[in-house]
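In full-length UniProt numbering, the protein residues as written are 1 to 112.
The structure appears below as structure tokens.
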């Protein structure tokens, strides 16, 4: 499997990030396969533990990324990153490196 990012993961930094003590885990999950959701979204692997089941955009988390950097690069808040990747923990201290994180959930269908 290639380790290329899926989605909008590669950005130039437009502002400086503040240093953070929150670093990521580096032990990879054990499974390495592609998973397809019921709605046809290809889910890359390995993913973060506790990832939501209705994710439709993923970003590869690198070893030296902080939670703040992952959130900023994907235009979401750290709170959203934690909510969509529950394995990150309430303080985002256990987000895994070398895995894919969810950065966007599917929108519910519009009522007719």
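Glycine residues also receive a C-beta, built at the ideal position from the N, C-alpha and C atoms.
Quantities reported herein were computed from a predicted structural model and do not represent experimental measurements.
Once DSSP output is grouped into helix, strand and coil, what is the label at residue i?
{"i": "residue 61", "result": "strand"}
{"i": "residue 76", "result": "coil"}
{"i": "residue 101", "result": "strand"}
{"i": "residue 42", "result": "strand"}
{"i": "residue 31", "result": "Low local confidence applies: a pLDDT of 47 at residue 31 is under 50, so the model's placement there is unreliable, and no value is given."}
With 16 as the cutoff for other CB atoms within 10 Å, does residue i come out buried or exposed?
{"i": "residue 69", "result": "buried"}
{"i": "residue 111", "result": "exposed"}
{"i": "residue 57", "result": "buried"}
Quick one, which of the options has its alpha-carbon nearest residue i's?
{"i": "residue 45", "options": "78, 96, 91, 71", "result": "96"}
{"i": "residue 65", "options": "55, 104, 99", "result": "99"}
{"i": "residue 52", "options": "87, 77, 61, 60", "result": "87"}
{"i": "residue 60", "options": "109, 85, 110", "result": "85"}
{"i": "residue 49", "options": "81, 110, 106", "result": "81"}
{"i": "residue 74", "options": "91, 55, 83, 103", "result": "103"}
{"i": "residue 105", "options": "83, 43, 55, 47", "result": "55"}
{"i": "residue 76", "options": "42, 43, 101, 108", "result": "101"}
{"i": "residue 63", "options": "94, 108, 107", "result": "94"}
What are the residues that DSSP puts in a beta bridge with residue i?
{"i": "residue 69", "result": "Partner(s): none; residue 69 has no beta bridge."}
{"i": "residue 47", "result": "100"}
{"i": "residue 85", "result": "51"}
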